[in-house]
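What follows is one structure encoded as structure tokens, with my remarks underneath.
The following block contains the structure:
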């Protein structure tokens, strides 16, 4: 699993959640916090009809998270920037969410499940993840010097957060981007997170 984040000057942050391993993608998630308990989460999965579900959830402990009716920050799926229909490629999902106050150490949790939920409802039951973990993001440093050009280049996933160039947005200067790759053994998770 790989997570890319880009902070834009319009007070939004765009996250890309990518499947990078050999296991089939059932669902993919990230949350804002150092542990699963009480961390706001964004969970995304493809549906059999070609649609995608974005579900914002929380959990009081290491149990299946449930839908939050009024999340602290409302996420929106960027379907046009996501790729999930091709069976020959690794799926990725892009969503945008209001930015939080700039910090050099934003704690993030992540999880990956191999079994898709049985329906498209944001409150659908999730099977326990195959793998999960935590890391921190530093999105306080600008990566691009110009105000309107796109950065180019690529970065291979690493075992710790690494600043990496990414595509610039039409809204102006790209303020920050971080990429985090996870190359763990799937099936190791015994608890939800």
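Residue numbers (the working numbering): 14 to 206. Cβ atoms here follow ideal geometry from the backbone N, Cα and C, with glycine treated the same way. Note that the coordinates shown come from a computational prediction; the quantities given were computed from them, not determined experimentally.
For residue 92, the three-state secondary structure derived from DSSP is helix. In terms of CA proximity to residue 88, 68 leads the group 14, 68 and 78. Proximity of the region 106 to 113 to the region 123 to 130 falls short of the contact definition, fewer than three beta-carbon pairs being nearer than 8 Å.
Assigned with DSSP and collapsed to three states, residue 119 falls in strand. Nearest neighbour of residue 91 by Cα position, chosen from 144, 105 and 38, turns out to be 105. Ranking 121, 115 and 18 by CA distance to the CA of residue 28 puts 18 first. DSSP places residue 17 inside the beta strand (DSSP E), whose first and last residues are 15 to 21.
Per the DSSP secondary-structure output, residue 72 pairs in a beta bridge with 50.
Bounds of any beta strand (DSSP E) do not take in residue 153, whose DSSP letter is neither H nor E.
In the three-state scheme derived from DSSP, where H, G and I count as helix and E and B as strand, residue 146 is classed as strand. Boundaries of the beta strand (DSSP E) harbouring residue 42: 40 to 45, taken from the DSSP string. A distance of 9 Å or more separates the beta carbons of residue 143 and residue 32. In the three-state reduction of the DSSP assignment, residue 64 falls in the coil class, being assigned neither a helical nor a strand state.
Within a 10 Å sphere around the beta-carbon of residue 24 sit fewer than 16 other beta-carbons, which makes this residue exposed. Between residue 81 and the set 51, 41, 133 and 154, the nearest pair of CA atoms involves 51. Bounds of any beta strand (DSSP E) do not take in residue 138, whose DSSP letter is neither H nor E.
Straight-line spacing of the CA atoms in residue 14 and residue 95 works out to 15 Å. In this structure, the straight-line span from the alpha carbon of residue 42 to that of residue 58 is close to 9 Å. Judged by their CB atoms, residue 53 and residue 85 are nearer to each other than the 9 Å cut-off.
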